Amino acid sequence: MKCIVFAALLAVVAAGTYKAADYAPKYAAPVEDYEQEKQPYSFTWDVKDEDTYNDFVHSEKSDGKVITGSYRVELPDGRTQIVNYRADENGNVADVIYEGEAQSAYKAPAYPAYSEY
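Right, dumping it as structure tokens:
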């Protein structure tokens, strides 16, 4: 019993002398920010997957100052959404067009017929 009390007392004394970890935040030196010259680019990609009914097309090009592009998405209601856009120092402008007519996937529910007794 004396050994247990002595061990507990020794643990309390040892814990009191333990220095807590220093959790002050350490920040790295700031990195110099530099202006990178805009580069012209162009890309196009598309996805046509019959099994999942996914059909997407996206193309974009830039001369380093003005970005123009277009994308097309087939919507679940049967329409096709086409977005043509332009982005420059004045902001972004998008022209959205819908082709086709929306088709409802479900028919309207039939109203119940109540009989009169």
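Residues -15 to -1, 1 to 102 in mature numbering (1 follows the signal peptide of the UniProt record, and there is no 0) are what the sequence shown spells out, letter by letter.
Where is the CB? At the ideal position from N, CA and C, for every residue including glycine.
Every value quoted in this text rests on a predicted model; they were computed, and no experiment measured them.
Is any heavy atom of the ligand FMN found at a distance shorter than 6 Å from the C-beta of residue i?
i, result
"GLN24", "Looking for the ligand FMN in the displayed structure turns up nothing, as the structure carries no ligands at all."
If we call anything under 7 Å between Cβ atoms a contact, is residue i one with residue j?
i, j, result
"ALA87", "ARG64", "yes"
"GLU59", "ASP40", "yes"
"GLY49", "PRO15", "no"
"SER55", "SER44", "yes"
"VAL42", "ASP73", "no"
"VAL66", "TYR83", "According to the sequence provided, residue 66 is Gln. The question's Val does not apply to it. A contact, by the Cβ cut-off of 7 Å."
"VAL81", "VAL68", "yes"
Mapping DSSP to helix, strand and coil, what is residue i?
i, result
"VAL16", "coil"
"ALA90", "coil"
"VAL51", "coil"
"ALA9", "coil"
"LYS(-14)", "helix"
"ALA98", "coil"
Since residue i sits in a beta bridge, which residues does DSSP pair it with?
i, result
"VAL81", "VAL68"
"GLU22", "For GLU22, which the question treats as bridged, DSSP gives no partner whatsoever."
"TYR56", "HIS43, VAL68"
"GLY63", "DSSP output for GLY63 lists no bridge partner at all."
"ASP31", "VAL42"
"ASP36", "Answer by DSSP bridge pairing: none, since ASP36 is not bridged."
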